[in-house]
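First up is the structure itself, then whatever we jot down about it.
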Amino acid sequence: MQIADKIEDDIIEARLPEETQVPSTNQFAAFYQINPATAAKGVNLLVDQGILYKKRGIGMFVASGARERLMEKRKTEFYEQYVVAMVKEAAKLGITKDQLSEMIRRGEKD
Amino acid sequence: MSQTVIEVRNLTKEYKDTTAVDHVSFRIEENKIYGLLGRNGAGKTTIMQMITAQLFSTSGEVRVFGEHPYENKKVIQQICFIKEGQKYPDLFTVKDVMVTASSVYPNWDAEYAKALIEVFRLPMKRLIKRLSRGMLSSVGIIVGLASRAPITIFDEPYLGLDAVARELFYDHLIEDYTENPRTIILSTHLIDEVSRLLEHLIVIDSGKILLDTDTDELRGRTHNVIGHQSAVESFIKGRDVIHLESLGSTLSATVMGRTETEVKQAAEQAGLETAPVSLQQLIVHLTKNGKVASR
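Chains H and R supply the protein sequences, listed in that same order. Okay, so the first sequence: first residue is 6 according to this note's numbering, each after it adds one. Okay, so the second sequence: first residue is 235 according to this note's numbering, each after it adds one.
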């Protein structure tokens, strides 16, 4: 769900601080030119995960602790998506552990 | 659940030697945006003409708001049908079209029409027949949006419209739809441009329904599965394969699963790569093969 990812990014990068109101589903839909039903699905996904919560009659807010929880989730995903894939690819190319660490250090400088 | 606003059952239109629409059945629910997609001559316009009471069917049923649309003023007032190549009287100006539309559509919003005319930079006093092709399309789009009709149908609304004007159309469509929800049916070739706007898709090919599905669900169900030829070949056994493409020993298969996550998960477990399929690609493959299955 792309819209959910975008909102997550906004929370992680503190563009949407905790306990602040987020735009409405319709505003998201208009901004990203997507169907409001699709936008609502993305937003509801985050509500189900407790990242956003609804205040009746007012709107949607970022939950306390949302940023921390998203960071943890993203770190797990980072490990699965990048680290595991990197180690696999390195093994395929015959790159040793030392060479891999050296590459990471080099990457930090770039 | 959402209410059904249009119900079509076994709708058929036969001409002397061809069947343009062949026992088509579907339902359109209230306040959703639909895409009616298919190749030229697939039967899209014929279906829309029968829904809007501009053409008689050979057999089958059409119900709009539960009633027959033919010579039914109550129903016809609720539908705004913007079609490609709409004809207007010779001496009509842009303004005349707007005035006429305001008397036809009960929900007409004159202020909104005026704002849109400025957005699309239409000359109010110019004769319709002196407008460029793109401007003429803009007239249709403005009438369609400002009509605020409970059912608004756009049939290839943007002949001659440049990319800027098309973006304006999408912007205003979504914005106005969120403020004034209504049922919208878009028929178009520009599938990738509109796919993100559509909640539900109906794909027609050779007068038959090929696909009738929620857009997000279809996106979830369909994936390209990529990997070594032998691995992909064994993966696709017994699966619904829409398209195959090979490059050297790499094979890419477009696969449709039964549930939203099934193909992606199974492919990843088998160590195969997956990639999303664009709706345009998917529909091109489907309508190229003309393969009708129970999807």
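Note that CB positions come from ideal geometry on N, CA and C, so glycine has one too.
Whole-angstrom distance between residue j and residue i, CA atom to CA atom
i, j, result
"residue 387(R)", "residue 420(R)", "6 Å"
"residue 308(R)", "residue 240(R)", "14 Å"
"residue 255(R)", "residue 443(R)", "9 Å"
"residue 501(R)", "residue 319(R)", "46 Å"
"residue 272(R)", "residue 424(R)", "11 Å"
"residue 45(H)", "residue 33(H)", "9 Å"
"residue 436(R)", "residue 328(R)", "33 Å"
"residue 468(R)", "residue 99(H)", "29 Å"
"residue 292(R)", "residue 305(R)", "17 Å"
"residue 491(R)", "residue 8(H)", "24 Å"
"residue 40(H)", "residue 265(R)", "11 Å"
"residue 494(R)", "residue 52(H)", "21 Å"
"residue 526(R)", "residue 519(R)", "Residue placement at residue 526(R) is flagged as unreliable, the pLDDT there being 49, under the threshold of 50; the coordinate-derived value follows with that caveat. For residue 526(R) and residue 519(R), the distance between alpha carbons rounds to 12 Å."
"residue 415(R)", "residue 343(R)", "14 Å"
"residue 404(R)", "residue 431(R)", "8 Å"
"residue 325(R)", "residue 367(R)", "17 Å"
"residue 517(R)", "residue 57(H)", "36 Å"
"residue 528(R)", "residue 446(R)", "Caution is warranted here: a pLDDT of 45 is assigned to residue 528(R), below 50, making its placement in the model unreliable, and no coordinate value can be reported."
"residue 253(R)", "residue 281(R)", "12 Å"
"residue 334(R)", "residue 380(R)", "12 Å"
"residue 10(H)", "residue 50(H)", "10 Å"
"residue 19(H)", "residue 510(R)", "30 Å"
"residue 47(H)", "residue 365(R)", "42 Å"
"residue 399(R)", "residue 504(R)", "46 Å"
"residue 402(R)", "residue 392(R)", "11 Å"
"residue 341(R)", "residue 397(R)", "29 Å"
"residue 567(R)", "residue 471(R)", "Absent from the structure is residue 567(R), since the part of chain R shown begins at 235 and ends at 529."
"residue 377(R)", "residue 395(R)", "16 Å"
"residue 498(R)", "residue 412(R)", "32 Å"
"residue 21(H)", "residue 87(H)", "26 Å"
"residue 270(R)", "residue 464(R)", "37 Å"
Inter-residue CB distance, residue i and residue j (contact presumed, cutoff 8 Å)
i, j, result
"residue 24(H)", "residue 67(H)", "6 Å"
"residue 35(H)", "residue 408(R)", "5 Å"
"residue 193(R)", "residue 422(R)", "In the structure as shown, chain R begins at 235 and stops at 529. Residue 193(R) is therefore absent and cannot be evaluated."
"residue 372(R)", "residue 361(R)", "So it is not a contact: roughly 15 Å between Cβ atoms."
"residue 488(R)", "residue 477(R)", "4 Å"
"residue 314(R)", "residue 346(R)", "Rounded, the Cβ-Cβ distance is 13 Å, inconsistent with contact."
"residue 72(H)", "residue 16(H)", "6 Å"
"residue 514(R)", "residue 426(R)", "4 Å"
Bridge-paired residues (DSSP) for residue i
i, result
"residue 26(H)", "66(H)"
"residue 243(R)", "295(R)"
"residue 268(R)", "419(R) and 434(R)"
"residue 490(R)", "456(R) and 474(R)"
"residue 286(R)", "None; residue 286(R) has no bridge partner."
"residue 447(R)", "435(R)"
"residue 85(H)", "According to DSSP, residue 85(H) bridges with nothing at all."
"residue 485(R)", "461(R) and 480(R)"
Of the residues the options, the one placed nearest residue i, counting alpha carbons only
i, options, result
"residue 316(R)", "300(R), 288(R), 326(R) and 325(R)", "288(R)"
"residue 90(H)", "513(R), 507(R) and 517(R)", "507(R)"
"residue 438(R)", "457(R), 466(R) and 522(R)", "522(R)"
"residue 277(R)", "311(R), 380(R), 246(R) and 324(R)", "246(R)"
"residue 312(R)", "358(R), 286(R), 372(R) and 363(R)", "286(R)"
"residue 486(R)", "474(R), 461(R), 471(R) and 398(R)", "461(R)"
"residue 242(R)", "262(R), 474(R), 248(R) and 379(R)", "262(R)"
"residue 296(R)", "257(R), 250(R) and 451(R)", "257(R)"
"residue 450(R)", "322(R), 268(R) and 236(R)", "268(R)"
"residue 353(R)", "497(R), 406(R), 392(R) and 503(R)", "406(R)"
"residue 29(H)", "63(H), 76(H), 22(H) and 55(H)", "63(H)"
"residue 455(R)", "473(R), 463(R), 466(R) and 441(R)", "473(R)"
"residue 448(R)", "433(R), 294(R) and 459(R)", "433(R)"
"residue 60(H)", "74(H), 96(H), 26(H) and 81(H)", "26(H)"
Host alpha helix (DSSP H) of residue i (start-end)
i, result
"residue 273(R)", "From DSSP, residue 273(R) is part of no alpha helix (DSSP H); its letter is neither H nor E."
"residue 115(H)", "It is not in any alpha helix (DSSP H) - residue 115(H) carries neither H nor E in the DSSP assignment."
"residue 330(R)", "328-338"
"residue 426(R)", "425-428"
"residue 412(R)", "397-413"
"residue 350(R)", "344-353"
"residue 498(R)", "496-503"
"residue 372(R)", "367-381"
Enclosing beta strand (DSSP E) for residue i [first to last residue]
i, result
"residue 510(R)", "507-510"
"residue 260(R)", "253-263"
"residue 315(R)", "313-317"
"residue 389(R)", "385-389"
"residue 324(R)", "Unbroken run through residue 324(R): none, as it is neither H nor E."
"residue 59(H)", "57-60"
Residue i: CB within 7 Å of a non-hydrogen atom of the ligand MN
i, result
"residue 448(R)", "The ligand MN is not part of this structure, which contains no ligands at all."
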